[in-house]
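These notes are about the structure you will find just below.
Number of protein chains: 2
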Amino acid sequence: MDQRERAPVQQSGTNLPKVGRYNQAVVLDQIQRSDGISRVEIAAHTGLTPQTVSGIVRRLINQGIVREEGSSRASGSGKPRTGLRVNAAARSAVGLHFDAAQLACAVLDLLGRPLVIRRRPTPPGSDATQVVAAMAELTDAALTEADVPRDRVLGLGLATPGPLDQELGMVAAPPSLAHLDRIPLQHMLAEATGMPVTLDNDATAAAIGERWSGAGRGVANFAYFFFGTGIGGGLILNHQVYRGGSLNAGEFGHLSVRPDGPECYCGNRGCLEMFASPSAIVGQTRRRLAGQPGSSSLSQTFAEDPASVDHAAIRRAAAAGDPVAVAVIDEAAAQVATVASSVANLLDVDLIVLGGHGIGHVESRYVDVVASALATRPVSRHIRVVDITASPHGADAAPVGSAALVLHSAYSPQLSALLAD
Amino acid sequence: MDQRERAPVQQSGTNLPKVGRYNQAVVLDQIQRSDGISRVEIAAHTGLTPQTVSGIVRRLINQGIVREEGSSRASGSGKPRTGLRVNAAARSAVGLHFDAAQLACAVLDLLGRPLVIRRRPTPPGSDATQVVAAMAELTDAALTEADVPRDRVLGLGLATPGPLDQELGMVAAPPSLAHLDRIPLQHMLAEATGMPVTLDNDATAAAIGERWSGAGRGVANFAYFFFGTGIGGGLILNHQVYRGGSLNAGEFGHLSVRPDGPECYCGNRGCLEMFASPSAIVGQTRRRLAGQPGSSSLSQTFAEDPASVDHAAIRRAAAAGDPVAVAVIDEAAAQVATVASSVANLLDVDLIVLGGHGIGHVESRYVDVVASALATRPVSRHIRVVDITASPHGADAAPVGSAALVLHSAYSPQLSALLAD
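For the record, the sequence lines run as chains A and B.
Under the numbering used here, think of the first position of the first sequence as 1, with each following residue one higher.
Under the numbering used here, think of the first position of the second sequence as 1, with each following residue one higher.
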């Protein structure tokens, strides 16, 4: 089971062994995100003494995780200065993302860079045993293709659309995966692969991937909007994954953008997902195509087979400048912008990241619309405008994030580990 | 200057002296919120070893902050078991809240309980020197009335409507206090009183007061809605005050509840404050009284002097069941409920607290309307329904919170202090 970043009911103290492990993670984090950093710089950045830094670096080098770089840069004093780098090949992590349509597997090196990404359709209508077998096969094929020695693989991350029951290691009532409800996937997958399995929802996994090797590296506070089957969210606050009291924070898709609007399946009214989910976008586009024949590059396709005008086709058309598709996407983005403004007003984050396969081809449209809102709406814009960017992981955000769950669990400086009993 | 709970740009390490101070705060926090707790229970709750707990408790007793309770309860084994209590009279804190209308001063004991609360009108139209003189006088009078020896007073907390420039210790462009813009109030007040001054915005101060001695005691994650001149917010996440990257988190009043609505002075559209601030409530009530003469217990007053139908009069009328006032307050509460649902969906908090003088007399109306939304709208309600309560501090939330700033700064277990350089 992953070390879950949940606040203990009581506020815990800490002790020396925990401090040692935490400080080691802090040092590795510095090296991981500033390749070539020196011991002196690490001490300056972290507030640790040079002695503590040296001792930790020695241990990391002995473990083979960190190496001194061959060439040394000269410092101002003329004295040579040894840079430190993560030995990216020393460890590896593998991750699986699955939803109703697709299984995707990523193998990452220790810097969080993808070595291999493989995909296959989710076995349709199959039972849990078949799904797990397909997962294990895909994992095996990806690891073989990546040519990573198995003893260097830290573990397997599994990311799924929420909600999850993390205590029991299973998905709970996923609308699109009803046949897998309350199946102990985590346990079954660990049995099938012989690897420890870390389970999380795909939005949180994508945010962790972004923190590890994407736009969120070293950013203290950011919100990640994950566009998948729905719209999920991940929060990194004060450098830590924030999960909430019942591990259900980040329901961006169910913030209301029209409180007096129609009722959502979740029970709330006028939720973001009702206006910006893939099915909402498809419905809106088809209505317009039906109402205005010939207005769009999609019109003929629509006339021949309405079902072929799916979310991917609409995004591709919008990317090519089709006026109907552009209008629908920009309207969806405007609703996302309202929620992004609320997140900025509530949490005063430094950065908002948009990612996931659900905005493939139209990342820049979403970024532009949200950026414009962030420049004009949050109260704190007079102090600083919140940054916005599309995830560099693109459509691979979820599989990369699933493997990053393993790196995060093994190596990130987590206050929950510093303070846990 | 207060130890600000801002994430460092870099993720910091920690060391032994910081750990020692942090663990001492953790132990005191346990005693503060569980009067009569034993050393064994503290060790069990915090994960600290019995030896560490004993050493810290000895120091706290030597400092006079903690005492062993006279009577000892028998434990299951029949062995007597010594309870620990905060020596409430050992230290004291004083706080000032001020806004355009009123100065309020609170003196608290070490348990955060108010000993004295004094109020006076804010000197109208006066310059900063006169305001500071009035503050110092009021502080002096309150401390004299409380009969607290000056050498036991830890310091003075100052809470004002935001925004603040905490670096410089001044308020920045407060809409209702324009003549005090960019005046170094913190420094002037320290000069005038001879006490160290801790400055914060009133919503955060009220949340800290709630954490110290109100409904937020021991709650890991809660959101505080502060009803004052506007609607501010304070966030406690994972037991820590969350302030955001530019110290501007918690702008609950400027979350949009009608994104296509009219523009707010802040630049956003359809903000909560446009529907639920005191001036919005007064405007809405007067429009209804003008449109429906004789419909309300306020009608005659309104006919004689419309200006006398102010926010306090409306709240009193609603508390007495007047139909027009009840309708207006419940509609405002419904907008608050939308934002509370968004906060629950985004942050998955354990508790929402409503407080501040701006909901005096109608706390239960607000609580009922918001409770109903929290039971039906957030996604996580199937796992647990978010608790809601009115602050037990009532109309004293802001002055109590301002003094609690001092206790918090001196004694709360703050991760920022554990990790700061």
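Built from N, CA and C at the ideal position, the CB exists for glycine as well.
Since the structure is predicted, the reported quantities are computational estimates derived from the model, not experimental observations.
Closer than 9 Å at the beta carbon, the chain B residues around residue i
i: S256(A); result: V257, T338, S341, S342, N345 and R377
i: S380(A); result: P163, G244, G245, S246, L247, N248, A249 and E251
i: N201(A); result: Within 9 Å Cβ-Cβ: nothing; N201(A) doesn't reach chain B, min ~12 Å.
Proximal residues of chain A, C-beta to C-beta of residue i below 8 Å
i: L26(B); result: The sequence given here has Val at residue 26(B), not Leu. Within chain A, the residues near V26(B) are Q11, S12 and G13.
Reduced DSSP category for residue i - H, G, I as helix; E, B as strand; rest coil
i: L272(B); result: coil
i: Y224(A); result: strand
i: T198(B); result: strand
i: G401(A); result: helix
i: Y242(A); result: strand
i: A100(B); result: coil
i: T389(A); result: strand
i: T160(A); result: strand
i: P149(A); result: coil
i: R4(A); result: Low confidence applies to R4(A): its pLDDT is 45, below 50, so where it sits in the model is not reliable enough to give any reading.
i: H408(A); result: helix
i: R454(A); result: For residue 454(A) there is no data in the structure shown, the boundaries of chain A being 1 and 421.
i: V219(B); result: coil
Residue from the options whose Cα sits closest to the Cα of residue i
i: Q130(B); options: L103(B), G112(B) and L111(B); result: L103(B)
i: G194(B); options: L164(B), A215(B), R150(B) and A223(B); result: R150(B)
i: T14(B); options: A313(A), A178(A), Y22(A) and A333(A); result: Y22(A)
i: Y411(A); options: A319(A), R33(A), A142(A) and L16(A); result: R33(A)
i: G233(B); options: E263(B), P259(B), D202(B) and G83(B); result: D202(B)
i: A249(A); options: A395(B), I37(B), L346(B) and G321(B); result: L346(B)
i: V326(A); options: S364(A), V343(A), T338(A) and S342(A); result: S364(A)
i: R81(A); options: G401(A), L48(A), I42(A) and R118(A); result: I42(A)
i: I236(B); options: I231(A), R316(A), G245(A) and T229(A); result: G245(A)
i: I208(B); options: H393(B), K18(B) and Q11(B); result: H393(B)
i: P439(B); options: A136(B), L111(B) and D147(B); result: In this structure chain B extends from 1 to 421, so residue 439(B) is not present and cannot be described.
Spatial distance of residue i from residue j (CA atoms)
i: L185(A); j: L158(A); result: 9 Å
i: H357(B); j: A398(B); result: 8 Å
i: M1(A); j: H382(B); result: In this predicted model, M1(A) has a pLDDT of only 32, less than 50, meaning its place in the structure is not dependable; the value taken from the coordinates is given anyway. Each residue's Cα considered, the two are about 23 Å apart.
i: A340(A); j: D99(B); result: 31 Å
i: A390(A); j: Q51(B); result: 51 Å
i: A190(A); j: Y242(B); result: 37 Å
i: Q335(A); j: H239(A); result: 27 Å
i: G294(B); j: F302(B); result: 10 Å
i: F227(B); j: I388(B); result: 15 Å
i: L199(B); j: L405(B); result: 8 Å
i: V379(A); j: H187(B); result: 26 Å
i: A280(A); j: A307(A); result: 14 Å
i: P413(A); j: D29(A); result: 7 Å
i: R39(A); j: P196(B); result: 38 Å
i: A333(B); j: S92(A); result: 52 Å
First and last residue of the uninterrupted alpha helix (DSSP H) at residue i
i: D330(A); result: P323 to L347
i: S364(A); result: E363 to T376
i: T139(B); result: A128 to A146
i: P17(A); result: L16 to R33
i: R59(A); result: P50 to N62
i: V40(A); result: R39 to T46
i: E68(B); result: Unbroken run through E68(B) is the beta strand (DSSP E), V66 to E68; no alpha helix (DSSP H).
i: A319(B); result: H311 to A319
Contact list for residue i against chain B, beta-carbon separation under 8 Å
i: I22(A); result: The identity of residue 22(A) in the sequence shown is Tyr, whereas the question assumes Ile. What Y22(A) touches in chain B: G13 and T14.
i: V19(A); result: T14, N15, L16 and V19
Interface partners of residue i on chain A, CB under 7 Å
i: D29(B); result: Q11
i: R58(B); result: Result: empty, since nearest Cβ-Cβ is about 16 Å, beyond 7 Å.
i: N268(B); result: S341 and R377
i: D181(B); result: Residues of chain A passing the Cβ test: none, with the nearest at roughly 13 Å.
i: L115(B); result: Result: empty, since nearest Cβ-Cβ is about 26 Å, beyond 7 Å.
i: L237(B); result: L237 and Y242
Residue i: contacting residues in chain A (beta-carbon distance under 9 Å)
i: G55(B); result: Those within 9 Å of G55(B) in chain A number zero; the least Cβ separation is about 12 Å.
i: L48(B); result: S12, G13, T14 and N15
Limits of the unbroken beta strand (DSSP E) element including residue i
i: L84(A); result: L84 to V86
i: G234(A); result: I231 to L237
i: P114(A); result: P114 to P121
i: V353(A); result: L351 to G355
Closer than 7 Å at the beta carbon, the chain B residues around residue i
i: P413(A); result: Q11
i: R384(A); result: S246
i: D350(A); result: G245
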